[in-house]
Amino acid sequence: RKIIFEKQWFYLDNAIGHIYGTTFEVTSGGSLQPKQEVEEATTETKEAGTDNRNIVDDGKSQKLTHDDIKALKDKGIKGQEIVQQLIENSTTFRDKTEFAQDKYIKKKKKKYEAVITIVKPSTRILSTMYYAREPGKINHLRYDTLAQMLTLGNIRAGNKMIVMETCAGLVLGAVMERMGGYGTIIQMYPGGGPVRAATSCFGFPKHFLDNLHEFPLSKVESLLSGTFSTEVLPSEPEGNTLVEEESNGLSNEKQVTEEEPATEASMEVNQTEEQETMDTSTEDVEFKENKEKEMKENVREKQRKQWERRKKLIETAALLREKNSDGLIVASKFHPTPLLLSLLEFVAPSRPFVVYCQYKEPLLECYTRLRERGGVVNLKLSETWLRNYQVLPDRSHPKLTMSGGGGYLLSGITVVLDKSRSDSSHSEALKMEEPSSKRCKVQDLHC
Amino acid sequence: MSFVEYGDTIKDGDTAIVFLGHESMFPVKVQHGTVTQTKYGVIRHSTDLIGKKYGSKVTCSKGGWVFILHPTPELWTMNLPHRTQILYSTDISIITMMLELKPGSIVCESGTGSGSLSHAVIRTVAPTGHLYTVEFHQQRAEKAREEFREHGVEHLVTVTNQDVCKNGFGVSNIADAVFLDIPSPWEAIGHAKSALKAEGGRICSFSPCIEQVQRTCLAMEECGFTEINTLEILLRVYNVRTISLQIPDLGKATEDNSSTGFDSSNPSNQGSLSTNLQKGSAQFKSGVPLREMVGHTGYLTFATKS
């Protein structure tokens, strides 16, 4: 299979069998070869300048033309050699300062040395990747914000978690990684089925899926009001999402669906064999009978699958109805308030919950509604500020660009909900929002 | 209760968190016959705590009430007795993710300090992982051991009293991750490398000063670590407030009542302002940042052993 990535293309075949973390060189023809450890030529005192006052950028300092370089590449000359050639053919190289020379070499190496490293997936790698390349798919959830969610939510082995996300399954995967296959996860989903595209990238062992459940948001109200039934199931979407869901190995289901075409084929083979030993009239009748049998099998299969889904749905509904979940994580494109107000009902008291939103304003509203509802303490609206640094001798400083925003978090802890809230406690909640600092101090006591 | 598992009811011997209000809470060791003083009065453990559900409201003798919360490493971090400067959950979160900690991970840490990060790590690596933590101060090492015992996690952690720069972590080639929060981390990089597993192990060093970071990065490079990356993370908290701003009196135009300024009687004024203009002020909801925020804790440097 050909992989195309950042102007490089190669085949992964040679990588199989090597340990994770191995670095490969892409050779001509796209095959991967393990890179030999090359001793970096220790810096002999190279010729270098002191500053750039006399260096003029006229675009003419490199004597090799675009065609020259292409010719070198076509000859199969190694990237290292090309870089060396570029240095030798640059009129200004030796006038640059040592730092500028280093920077130049690094830049050329990146361009001409085709080196890749294959690493094992993890939340760290996938979340930084998604944020850098496809932030729209994850509602611009920056990786450090995700890190905060996992910790604030006390995500750990053995919990019973409710996860509601529309981040391609990245948040779900992160939660699953931190739970290590222990405990239970119920993923709430909008529409026809949960999206787990990113989740499959984690490479979890199959048993992690044993305790992963899903439940449609469209049934939440009925579950809360006690009118839940499985009469109308959310319509299954055709295509990828469901295939991924099923291909995650929900045991026999997958094998049965894959065997379907196989059994059909084998049945057809049997038919032709049988046909050869029979006369024409009985052939036709038998053919028709077999076709009917096939159709009946298909219908039975569909019914079986429907029944399986219904059964799972009832099981998951029962899990939710216990109202003893150990936490709630929300990270979606939807307005957080209705999600929180309903999903918190399924969470036990004295458990943390965390809501992510790309924007601050919906969380302001959420905060207010939660205060009115009661049953939560330690509410905190926050965001994190992240800065990367370049650390080199005499050249340490923060990097040139940083993320402008990574989203906001609203976190808190549930407490026993006092259903018999009197008017006084309600006005207390409202009073707490007044700007007068003095009043806040007094009301602060019972946040 | 346990720091690595939720329990529903408060039991004798538990560590519970008494929550009085916004940013006001403290840990308490639940014991039969004991009494805890709060500004709302007295809490009698035997009658008010033991047997009650976590998350319950408890009324104290003077009439005020508190909530009793199940402990978590995050609540512990906010309330533990400081023996040293500690790491807070913001840094702990990114450390946990960048070191790829999860159930089953083997982690080495030095210095143990007040055990803030230790509790968080133990929670994440449970039930099958282990934390080897090294502390060169004898009393702190002993206090840490005591706390881990009280919190029911001693089977997941080993505290060693030695100098990591001289004698390392006491284990070799098994750690998935190493964390250093010591004055001279560059002196421990070599030991960190030998404690880490052969391939793919992660290391993190936390230092307040950039000079320390520079030295540490150099040492990491010399030891053959790759993917060296330094960052810092800060928390910004917002208070949710309804703000009321006065509408200035710009006077009226001469003669008739129609004016070009904000006029409460003008029906064409759109939006929420119009409803409040009768009062002469405008109300809106805002997330107001705190007056002061933490500007620096330390630089975090991560790398991979390859």
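Sequence lines, in order, name chains C and H.
Read in order, the letters of the first sequence correspond to residues 1 to 447 in the UniProt record's numbering.
Read in order, the letters of the second sequence correspond to residues 1 to 306 in the UniProt record's numbering.
Backbone N, C-alpha and C fix where the C-beta goes; we use that ideal spot for every residue, glycine too.
CA nearest to the CA of residue i, picked from the options
i: H:T15; options: H:V125, H:G115, H:E147, H:R140; result: H:E147
i: C:E361; options: H:K305, H:S286, H:T301, H:T297; result: H:S286
i: C:P194; options: C:G203, C:G181, C:L170; result: C:L170
i: C:T166; options: C:G405, C:C357, C:N388; result: C:C357
i: C:D394; options: C:P190, C:M164, C:E98; result: C:E98
i: H:G113; options: H:V121, H:G63, H:H155, H:Q85; result: H:Q85
i: C:A331; options: C:G407, C:H397, C:Y367; result: C:G407
i: H:V164; options: H:A144, H:L20, H:H151, H:T133; result: H:T133
i: H:G21; options: H:A253, H:F225, H:K39; result: H:K39
i: H:M220; options: H:K53, H:S306, H:I43; result: H:S306
i: H:V171; options: H:L180, H:T158, H:I182; result: H:T158
Chain C residues whose Cβ lies nearer than 8 Å to that of residue i
i: H:R123; result: N154, R156
i: H:E199; result: I19, Y20, G21
i: H:P185; result: Under the 8 Å cutoff, chain C gives no residues; its nearest Cβ is about 13 Å from H:P185.
i: H:P248; result: Correct list: empty, because the minimum Cβ distance to chain C is about 18 Å.
Beta-carbon neighbours of residue i, restricted to chain H and to distances below 9 Å
i: C:Y356; result: Residues of chain H passing the Cβ test: none, with the nearest at roughly 13 Å.
i: C:R387; result: L231, E232, I233, L234
Cα-Cα separation, residue i to residue j
i: H:V294; j: H:I50; result: 38 Å
i: H:A188; j: H:G168; result: 7 Å
i: C:L129; j: C:A114; result: According to the sequence as given, residue 129 of chain C is Met; it is not Leu. The alpha-carbon atoms of C:M129 and C:A114 are separated by roughly 20 Å.
i: C:N154; j: H:C209; result: 30 Å
i: C:L319; j: C:L217; result: 15 Å
i: C:E292; j: C:R304; result: 18 Å
i: H:Q270; j: C:A132; result: Confidence at H:Q270 is low in this model, with a pLDDT of 48, below 50, so the placement of that residue is unreliable and no value is reported for it.
i: H:C217; j: H:P71; result: 37 Å
i: C:E260; j: C:N290; result: Confidence is the limiting factor: at C:E260 the pLDDT is only 35, short of 50, which leaves the residue's position unreliable and the question unanswerable from this model.
i: H:V18; j: H:V66; result: 7 Å
i: H:L69; j: H:S56; result: 8 Å
i: H:S116; j: C:A71; result: 59 Å
i: C:A198; j: C:A168; result: 6 Å
i: C:I82; j: H:D176; result: 38 Å
i: C:G173; j: H:I228; result: 25 Å
i: H:S205; j: H:F136; result: 17 Å
i: H:T304; j: C:K333; result: 34 Å
i: H:V240; j: H:V288; result: 6 Å
i: C:K109; j: C:I77; result: 14 Å
i: C:A157; j: H:R145; result: 23 Å
i: C:T414; j: H:G298; result: 32 Å
i: C:T145; j: H:T160; result: 34 Å
i: H:K11; j: C:L417; result: 21 Å
i: C:Y367; j: C:L379; result: 7 Å
i: C:L430; j: C:L370; result: Note that C:L430 scores 39 on pLDDT, short of 50, meaning its location in the model is unreliable; the coordinates nonetheless yield the value given after this. Using only the alpha carbons, I get a separation of about 11 Å.
i: H:G13; j: H:P27; result: 12 Å
Per DSSP, cross-strand counterpart(s) of residue i
i: C:R196; result: DSSP, once it has assigned bridges, lists no residue as partnering C:R196.
i: H:T15; result: H:K29
i: H:S7; result: Ser is not the amino acid found at residue 7 of chain H; the sequence shown has Gly there. Looking at the DSSP assignment, H:G7 forms no beta bridge with any residue, so it has no partner.
i: H:R202; result: H:A177, H:T304
i: C:S325; result: C:V347
i: C:V376; result: C:T414
i: C:I105; result: Beta-bridge pairing links C:I105 to no other residue.
i: C:F10; result: C:I3
i: H:W65; result: H:T59
i: C:E188; result: Note on identity: in this sequence residue 188 of chain C is Met, with Glu being the wrong assignment. Paired residue(s): C:M164, C:F215.
Partners in chain D for residue i, counting only beta-carbon separations shorter than 7 Å
i: C:S350; result: The chain inventory of the structure shown lacks chain D, comprising the protein chains C and H.
Cross-chain neighbours of residue i in chain H, by beta carbon under 7 Å
i: C:V401; result: Residue identity check: residue 401 of chain C is Thr in the sequence provided, not Val. Per Cβ cutoff of 7 Å: no residues; C:T401 is ~13 Å from chain H at best.
i: C:D326; result: Y6
i: C:V391; result: V213, Q214, C217, T230
i: C:I413; result: L69
8 Å Cβ cut-off: residues of chain H touching residue i
i: C:S396; result: I210, V213, Q214
Residue i Cβ short of 7 Å to the ligand NAP heavy atom set
i: C:I138; result: Of the ligands one can find in the structure shown there are none, so the ligand NAP has no counterpart to examine.
Residue i: contacting residues in chain C (beta-carbon distance under 9 Å)
i: H:K102; result: S122, T123, A157, E177, R178, M179, G180
i: H:F225; result: The contacting residues do not exist; H:F225 stays about 12 Å from chain C at best.
i: H:F26; result: Those within 9 Å of H:F26 in chain C number zero; the least Cβ separation is about 14 Å.
| Touching by the beta-carbon criterion (3+ pairs, under 8 Å), the region 300-309 of chain C and the region 336-343 of chain C | no
| message | Taking contact to mean 3 or more Cβ pairs, one atom from each stretch, closer than 8 Å, check whether the region 363-374 of chain C and the region 209-224 of chain H are in contact. | response | no
| query | Do three or more CB pairs link the region 79-93 of chain H to the region 233-245 of chain H at distances below 8 Å? | reply | yes
| said: If contact is defined by three or more beta carbon pairs under 8 Å, each pair taking one atom from either stretch, is the region 294-301 of chain C in contact with the region 321-336 of chain C? | reply: no
| message | Would the region 105-121 of chain C count as touching the region 12-21 of chain C if we require 3 or more Cβ pairs under 8 Å? | response | yes
| Would you say the region 170-185 of chain H touches the region 72-80 of chain H, given that touching needs at least three Cβ pairs under 8 Å? | no
| query | Do the region 125-135 of chain H and the region 95-109 of chain H touch if we need at least three Cβ pairs shorter than 8 Å? | reply | yes
| query | Given 8 Å as the limit, is there contact between the region 53-67 of chain C and the region 88-102 of chain C, that is, 3 or more CB pairs closer than that? | reply | yes
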